[in-house]
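**Q** Residue numbers (full-length UniProt numbering): 1 to 430. Idealized CB from N, CA, C, for every residue including glycine. Keep in mind the model is a prediction, meaning the values are calculated, not measured. Handing you a structure now.
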Ligand code: DOR
Ligand code: ZN
Ligand code: ZN
């Protein structure tokens, strides 16, 4: 199968937008040609020509932190609906968290997730496995067996690993298998179950607040343990200035630490929460304006490597339980790129190239994936974006089973209109 995506706008080596075309053969990129389009009657006869009509074509987006909820919580999302939602957001590779029911803490669940993803036949789904059995923090899982089954790293996302000794043992074992440890950083002795961060919103509503230190204490601890064990340590959803300071220092002295940040922590602060609306409840919580600015700067200076969504679907019924009882989390796939494009690229703070790289190249490099670049020989995982298209976020139209988002009604530009995985169109806007 040969096809050509013609008339595309591509980011060249210098990060400039130029016209070009991409030749795809049997699911692999055969050629990326900057500076010219083809006419349908040239040497490539027999090829199907897809006219991108001047739209942006990028490497498929990669999201290294998502929750797909299957097995066990299929009322929130299934691997298929999650994959469909990801495809609509322009993602071609996603890495899913193990806090399912049962937890992905043994080889059978890893195989189940991979098989379901294969059956869905949409985006590439890379499973993480749990660090501890049932994410209970008591006993390590069988790291070697989980790697053998296809897990790409270990994490107890959803909760922090409370014991430093447990984390050190996990890191030593992961290092011996050349696998990363991915950490949700939260010290439970400081949190006491507050629904929002410390700050003006919590005070106004008489709520307890989650302090910044509950994240940063784990980051600091784990950096020391990563130094001791030599593991690749990846920090989930960084949200505080203090965590960033620690990661920056660690990188400066050569400790193998990488980090991610979510769109909501780059755009929203606790001051923006409009009222007791659980679509604004997520973990880590929205922090201060100062923390938001620190996250943006950390991404800009390379302290934070990549953007992830932490797509965390929950049903309307669960989210209707009130600020104290509702689960933490918001969906993320279908708004991520338009949000970031509108808030940072259209405003002139970032180049388009900078944003695209943080959703393609940097996650691919950090997790050693053969994805993330438009180059001959690479898998034809592509995203087509209409940068001019302006549209309001309509949660009722999400492909996700859930619609828990604080961004409903936001007017955004830069909507993905086509997603290609391994040369196959898996999403196309009509
Ligand atoms: O907001 C969150 N949602 N944070 C987490 O740590 C877990 C996630 C979920 O699984 O819903
Ligand atoms: Zn988490
Ligand atoms: Zn998560």
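#1: Note down, one range per segment and in chain order, each beta strand (DSSP E) of at least 3 residues found wholly within the segment 221-266.
#2: What's the C-alpha gap between residue 58 and residue 311?
#3: Under the criterion of a Cβ to heavy atom distance below 7 angstroms, does residue 90 qualify as lining ligand 1?
#4: How is residue 124 classed by DSSP in three states: helix, strand or coil?
#5: Helix, strand or coil: how does DSSP classify residue 24 here?
#6: Would residue 197 pass as a contact of residue 285 if the rule is Cβ separation under 8 angstroms?
#7: Out of curiosity, what's the CA-to-CA distance linking residue 113 and residue 204?
#8: Ignoring anything shorter than 4 residues or poking outside the segment 350-379, list the alpha helix (DSSP H) runs there in chain order.
#9: Helix, strand or coil: how does DSSP classify residue 65 here?
#10: In chain order, what residues of the same chain have a beta carbon less than 6 angstroms from the beta carbon of residue 383, not counting five sequence neighbours either side?
#11: Quick one: residues in its chain with C-beta nearer than 8 angstroms to the C-beta of residue 339, no 5 flanking neighbours on either side, listed in chain order?
#12: In chain order, what residues have a CB nearer than 7 angstroms to some heavy atom of ligand 3?
#13: Using C-beta distances below 8 angstroms, list every residue in its chain close to residue 41, excluding the 5 sequence neighbours before and after it, in chain order.
#14: Would you report the Cα separation of residue 294 and residue 240, rounded to the nearest angstrom?
#15: How big is the Cα-Cα spacing for residue 96 and residue 335?
#16: Would you check whether ligand 1 has a heavy atom nearer than 7 angstroms to the C-beta of residue 406?
#17: Would you mind reading off the limits of the alpha helix (DSSP H) that contains residue 81?
#18: Can you tell which of 308, 362, 318 and 52 has the C-alpha that lies nearest to the C-alpha of residue 302?
#19: Round the Cβ separation of residue 31 and residue 376 to the nearest angstrom and send it over; I've been treating them as touching at under 8 angstroms.
#20: So, does the segment 344-351 touch the segment 210-219, judging by three or more C-beta pairs under 8 angstroms?
#21: Residue 12 to residue 63, Cα distance in whole Å?
#22: If I'm right that residue 49 touches residue 94 with Cβ under 8 angstroms, what's the distance once you round it to whole angstroms?
#23: Could you please give me the residues that DSSP links to residue 325 through a beta bridge?
#24: Do you know offhand how far residue 270's Cα is from residue 359's?
#25: If residue 247 sits next to residue 292, beta carbons under 8 angstroms apart, how far is it from one beta carbon to the other, in whole angstroms?
#26: Nearest-angstrom Cα distance between residue 119 and residue 189?
#27: Sort 117, 273, 167 and 108 by Cα distance to residue 136 and report the nearest one.
#28: Taking 7 angstroms as the cut-off, does the CB of residue 188 come closer than this to any heavy atom belonging to ligand 2?
#29: Assign residue 191 to one of three DSSP states: helix, strand, or coil.
#30: Using a 10 Å radius around the Cβ and a threshold of 16 neighbouring Cβ atoms, would you call residue 274 buried or exposed?
#31: Taking contact to mean 3 or more Cβ pairs, one atom from each stretch, closer than 8 angstroms, check whether the segment 383-398 and the segment 314-324 are in contact.
#32: Taking a contact to mean a Cβ-Cβ separation below 8 angstroms, would you say residue 480 touches residue 75 in this structure?
#33: Short check: CB of residue 170 to CB of residue 181, under 8 angstroms?
#34: Leaving aside the five residues before and after residue 124 along the sequence, list all residues of the same chain whose C-beta is less than 6 angstroms from its C-beta, in chain order.
**A** The relevant details are as follows:
#1: 233-235 and 257-261
#2: 21 angstroms
#3: no
#4: strand
#5: strand
#6: yes
#7: 43 angstroms
#8: 352-358 and 361-366
#9: strand
#10: 58, 60, 61, 90, 416 and 419
#11: 263, 267, 407, 410 and 412
#12: 65, 67, 97, 157, 158, 184, 236, 237, 310 and 312
#13: Reliability fails at residue 41, whose pLDDT of 49 lies under 50, so the model's placement of it is uncertain and the value that follows must be treated cautiously. Correct list: empty, nothing qualifies.
#14: 7 angstroms
#15: 18 angstroms
#16: no
#17: 79-88
#18: 362
#19: 6 angstroms
#20: no
#21: 23 angstroms
#22: The pair is not a contact, with the Cβ atoms about 29 angstroms apart (cut-off 8 angstroms).
#23: Bridge partners of residue 325: none, in fact.
#24: 25 angstroms
#25: 16 angstroms between Cβ atoms; not a contact.
#26: 42 angstroms
#27: 167
#28: no
#29: helix
#30: exposed
#31: no
#32: For the chain, the structure presents residues 1 to 430; residue 480 sits outside this window and is missing.
#33: yes
#34: 93
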